[in-house]
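Just so we're aligned: 34 in full-length UniProt numbering is position 34 of the sequence shown, and the numbers increase by one with no gaps anywhere.
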Amino acid sequence: MEITHINSQHELEKAFAIRQAVFVNEQGVSLEEEFDEYEELADHLLVCTEGQAVGTGRIRFVEKKAKLERICILDTHRKEGIGALIIKELETIALKQGYKHFTLHAQTHAKGFYEKLGYSSCSDMFMEEGIPHIIMEKKISRTTSK
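Structural data, given as structure tokens:
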């Protein structure tokens, strides 16, 4: 498994193809909502296994918080640890830039996954693109390495 910090249009297109497969085709999110004005402001990751792009995620920095977004894995590669790898790498990007407060909008079915990675729910359930979500956060203390 290889994780890449996206720095080319070709890699970004691979990430977008994964997001389209998962969020648009599988979950019914509109194409217009999936791809937004923040694409160029975000840092994007791409995970490949055996030469195939299988997962992606992005991070933006908003009001002293690192916002993890668009984290997804192709259905044929779920439950392989790719999601945790993406989260940890996004957190590392944030920590290197001095951010210790992470936030994300989690689909409610993924709440347990994020809790295992140290995230806590901090909102009631809300709908985003017809999918139930909750806001989750994780704060890193100065004495904690991760």
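No residue lacks a Cβ here, since even glycine has one placed at the ideal position from N, Cα and C.
If you're wondering where the values come from, they're calculated on a predicted model, not measured in any experiment.
Per DSSP, what kind of secondary structure is D43 in: helix, strand or coil?
DSSP places D43 in strand when its eight states are reduced to three.
Should the region 50–66 be regarded as contacting the region 101–111, the criterion being three or more beta carbon pairs within less than 8 Å?
They touch, by the three-pair rule.
Taking the alpha helix (DSSP H) that Q52 belongs to, which residues open and close that run?
Run containing Q52: none in the alpha helix (DSSP H); it sits in the beta strand (DSSP E), Q52 to V62.
Just the C-alpha distance for H10 and I87, rounded to the nearest angstrom, thanks.
Whole-angstrom Cα-Cα distance: 22 Å.
Between A66, Y114, E39 and I93, which has its C-alpha nearest G81's C-alpha?
Ranking the options by Cα distance to G81, first place goes to Y114.
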